[in-house]
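Below is one structure, written out as structure tokens; the observations come after it.
Protein chains: 2
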Amino acid sequence: MNERRNRAWRLAARPSGAIKESDFRLVEEAVPAPQPGEALVRTIYLSLDPTNRIWMSDVDQYMPPVQLGDVMRGGTLGVVEQSHDPALKPGDIVQGMWGWQDYACVASSGLRNRIAAGDATPLTAHMSVLGGTGLTAYFGLLDHGQPKAGETVVVSAAAGAVGSIVGQIAKLQGCRVVGIAGSDDKCRWLTTELGFDAAINYRKENVLEALRRHCPQGIDVDFENVGGETLDAVLALVNNYSRIVLCGLIATYNDDVKVAGPARFANILMKRVKVQGFIVTDFLKRFPEGRAQLAQWLNEGKLKYQVDVVRGLENAPKAVGKLFTGENKGKLLVQVSDEPPR
Amino acid sequence: MNERRNRAWRLAARPSGAIKESDFRLVEEAVPAPQPGEALVRTIYLSLDPTNRIWMSDVDQYMPPVQLGDVMRGGTLGVVEQSHDPALKPGDIVQGMWGWQDYACVASSGLRNRIAAGDATPLTAHMSVLGGTGLTAYFGLLDHGQPKAGETVVVSAAAGAVGSIVGQIAKLQGCRVVGIAGSDDKCRWLTTELGFDAAINYRKENVLEALRRHCPQGIDVDFENVGGETLDAVLALVNNYSRIVLCGLIATYNDDVKVAGPARFANILMKRVKVQGFIVTDFLKRFPEGRAQLAQWLNEGKLKYQVDVVRGLENAPKAVGKLFTGENKGKLLVQVSDEPPR
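First to last, the protein sequences are chains A and B. Using our numbering, read the first sequence as starting at 159 and increasing by one per residue. Using our numbering, read the second sequence as starting at 159 and increasing by one per residue.
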């Protein structure tokens with residue numbers, strides 16, 4: 159019998175407004191023993207994402223909501239400690255969705271990715287630029303946004319895990335890139351480190367006026383992570399045949415009451431805009447292609463990424479709130495246990 | 159010198175709320191003499207369309223607004239009376255956009271279509287099912303909506319010139335078709351004459367509840383002519399990967415204040431919906447293809463159409479209001495002068 163303890167954050171309540179720590183309950187139980195066909199995985203990194211807020215609610219959504227009492231859902235990376243699955247062996251580093259807990263029993267068929275032996279890329283890169291958020295940027299921008307050289311691309315939540323990669327990929331396509339973020343520090347990072355042509359601090363500037371100034375040729379692609387007034391400002395400046403990749407609406411996730419859609423909705427008609435709702439898991443079969451391209455750009459020094467690592471599973475409920483207050487920059491991760499030597 | 163008089167409705171004021179007769183001014187002047195390269199055309203039919211309201215306003219729109227003092231813009235069909243354009247000869251029946259007037263001098267290069275000699279199709283068909291509204295239905299539904307057999311298609315303003323053709327084309331694709339219209343008479347027409355599977359009278363029924371009942375498999379394609387609450391109800395029931403062809407937003411054209419977008423906007427994200435703004439003139443180069451297919455269906459008895467013909471150019475300003483009150487059924491036309499013998 160396994161005597162180690164598994165800590166798991168289970169959903170205790172559906173949040174009203176901002177996520178509170180009391181919406182979760184930390185439960186300790188024995189580490190489960192893997193059944194035939196399963197491996198025991200120890201969590202190293204846990205991904206925290208704005209979409210966690212959606213999963214916690216019971217609004218109509220793109221996956222079943224997390225049920226009350228269930229372990230909170232989340233992207234994870236971990237190391238195999240014990241295996242009864244012939245496809246997995248101790249020491250293998252794998253990625254999956256086993257959620258907010260120290261350990262889990264998984265079958266190889268339920269995993270998302272395995273880090274190749276000899277891969278020297280930092281594991282945090284696999285949880286950011288090469289992981290779900292990098293893939294979201296890659297498929298959302300290129301497949302749905304279809305940016306062409308010379309076009310103007312606007313990215314909201316531009317200093318976030320997705321937005322920061324979107325902007326850099328758009329630059330690689332030869333576009334003019336304007337980011338919208340929540341602090342001068344973030345804006346400086348976008349323009350001086352990541353190569354954005356301009357960045358707008360939405361807390362200090364009128365977004366519409368600033369967009370008008372920074373997008374003299376109008377907007378051809380909007381990678382929308384925020385919604386609300388940000389999207390409305392974009393709609394004032396969209397060009398004919400522009401594309402809005404609707405990837406997130408973080409401005410409204412905490413609203414208990416349904417908020418209205420953008421007031422300039424009619425511009426979608428007038429400018430023949432395509433608005434495409436987008437969830438990265440729809441591209442699951444093409445993840446290997448996306449990872450390969452992102453890894454190549456990363457290795458060539460063409461993509462930079464930043465991670466914001468919070469230590470300790472016990473801090474996950476507090477840390478997730480940072481995504482909604484604008485406190486974090488880059489990909490927010492919880493380090494649940496130490497990385498193994500590689 | 160030509161002694162006949164040309165009456166022309168010129169835009170006198172930008173409307174506030176519903177269109178009023180005083181927004182136009184009827185001006186009488188001499189019929190102009192065609193210059194070299196031009197022909198004099200006598201208007202037979204004038205098309206009245208919801209988009210007239212947009213052109214009269216100065217909101218940001220898909221074409222330049224009509225300028226105050228200019229002849230009101232409108233789709234037209236007429237007969238050549240005199241020609242100094244070698245490509246046109248007296249008796250030719252042509253279609254164009256010479257607007258709300260008895261006569262105009264046009265060049266063949268500025269025309270939209272010429273009715274072939276020997277064509278026995280009623281001229282009103284060329285101004286409806288084979289004209290701009292039929293083409294709007296054809297390209298919007300098939301190119302942007304991409305309906306597949308077995309899918310559910312919802313059409314708003316379904317008894318209108320566009321909606322009634324959309325629904326019939328969707329039936330030809332093997333879809334389940336549900337129309338939304340404004341009277342029991344219109345609903346009966348849709349189901350008994352045009353083959354719609356169901357029709358909802360939005361003045362008597364709760365649209366969301368009725369859609370839920372008539373779309374047990376959810377909604378795959380929405381051909382949206384109305385917007386507002388109708389669109390919001392549709393968004394409650396859209397399936398994953400559904401398509402919303404945003405062709406019109408007649409519910410809001412008369413609003414002076416910007417109205418909010420649909421409250422269920424977030425469902426575009428959750429259900430990965432594509433919302434495609436659409437103006438038929440973007441398909442100008444493919445009009446011959448569209449006309450040929452529509453004419454074939456019409457000749458095979460697979461498409462029915464209805465026209466609502468108001469007699470007399472002097473009645474155009476009053477008649478256009480019918481589009482916004484729901485008084486008319488099918489394509490609204492003004493007969494400006496008699497058809498020639500054919």
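Note that beta-carbon positions come from the ideal geometry of N, C-alpha and C, so glycine has one too. Note that the coordinates shown come from a computational prediction; the quantities given were computed from them, not determined experimentally.
Check	Outcome
Unbroken stretches of the beta strand (DSSP E), 3 residues or longer, contained in the region 324 to 373 of chain A	334 to 339 and 356 to 359
Through-space distance from Gly340 (chain B) to Gly484 (chain B), alpha-carbon basis	6 Å
Spatial distance of Asn364 (chain A) from Arg334 (chain A) (CA atoms)	20 Å
Helix, strand or coil at Glu239 (chain A) according to DSSP, with G and I counted as helix	strand
Contacts of Ile426 (chain A) in chain B (Cβ-Cβ under 8 Å)	Leu404, Val433 and Gly435
Where Ile251 (chain A) falls: helix, strand or coil (DSSP)	strand
Closer than 8 Å at the beta carbon, the chain A residues around Tyr203 (chain B)	Neighbours of Tyr203 (chain B) on chain A: none; closest Cβ ~26 Å, over 8 Å.
Gln454 (chain B) classed as buried or exposed, judged by whether at least 16 other C-beta atoms fall within 10 angstroms	exposed
The region 220 to 238 of chain A: positions lying closer than 8 Å to chain B by Cβ	Tyr220
Of the listed residues A:Tyr261, A:Thr388 and A:His302, nearest to Leu204 (chain A) (C-alpha basis)	A:Tyr261
Collapsed DSSP secondary structure at Phe146 (chain B) in the structure displayed	Beyond the ends of chain B as shown, which are 159 and 500, falls residue 146 (chain B); an answer cannot be given.
CA nearest to the CA of Gly289 (chain B), picked from B:Val438, B:Ala191 and B:Thr310	B:Val438
Close-in-space but distant-in-sequence residues of the same chain around Asp378 (chain B) (CB under 6 Å, 5 per side omitted)	Glu309, Thr310, Asn397 and Ser400
When B:Asp413, B:Lys443 and B:Leu389 are compared against Pro420 (chain B), the one with the closest alpha-carbon	B:Leu389
Rounded separation between Met159 (chain A) and Ala188 (chain A) - CA only	Residue placement at Met159 (chain A) is poorly supported in this model, since its pLDDT is 46, which falls under 50; the coordinates still yield a value, given next. One C-alpha to the other measures close to 9 Å.
Where Gly318 (chain A) sits in the DSSP three-state scheme	strand
For Gly337 (chain A) and Gly321 (chain A), the rounded distance between their alpha carbons	8 Å
Own chain, CB closer than 7 Å to Asn486 (chain A), minus 5 neighbours either side, in chain order	Asp466 and Lys480
Whole-number beta carbon distance between Tyr296 (chain B) and Ile273 (chain B), since they are thought to touch under 8 Å	Not really, about 18 Å apart at Cβ, beyond 8 Å.
Among B:Glu382, B:Cys263 and B:Leu369, nearest to Gln193 (chain B) - alpha-carbon criterion	B:Cys263
Expected contact under 8 Å - CB spacing of Val242 (chain A) and Val403 (chain A) to nearest Å	For the record, residue 242 (chain A) in the displayed sequence is His; it is not Val. Between Val403 (chain A) and His242 (chain A) the Cβ distance is about 42 Å, and since that is not below 8 Å, they are no contact.
Under 8 Å between C-beta atoms of Arg168 (chain A) and Asp228 (chain A)	yes
Residue-chain proximity (Glu161 (chain A), chain B), Cβ-Cβ < 8 Å	no
Proximity winner among A:Ser314, A:Leu395, A:Val478 and A:Ala171, relative to Met428 (chain A) (alpha-carbon distances)	A:Leu395
Contacts of Pro420 (chain A) in chain B (Cβ-Cβ under 9 Å)	Ala418, Gly419 and Phe423
Ranges of the alpha helix (DSSP H) found wholly within the region 186 to 235 of chain B, counting only runs of at least 4	209 to 214
Where Val287 (chain A) falls: helix, strand or coil (DSSP)	coil
Which of helix, strand or coil DSSP assigns to Gln259 (chain B)	strand
Presumed contact (8 Å Cβ cut-off) between Arg430 (chain B) and Gly435 (chain A), rounded CB distance	4 Å
For Gly488 (chain B), the residue or residues it bridges with in DSSP	B:Gly318
Under 7 Å from the C-beta of Asp218 (chain A): neighbouring residues of chain B	Asn425 and Met428
Between the CA atoms of Ile426 (chain A) and Lys432 (chain B) - distance to the nearest angstrom	12 Å
Other residues of its chain near Pro305 (chain A): CB distance less than 6 Å, five sequence neighbours each side excluded	Val311, Ala328, Gln331, Cys333 and Val379
Proximal residues to His372 (chain A) (C-beta, below 8 Å), its chain only, five neighbours per side dropped	Val336, Asp355, Ala356 and Ile358
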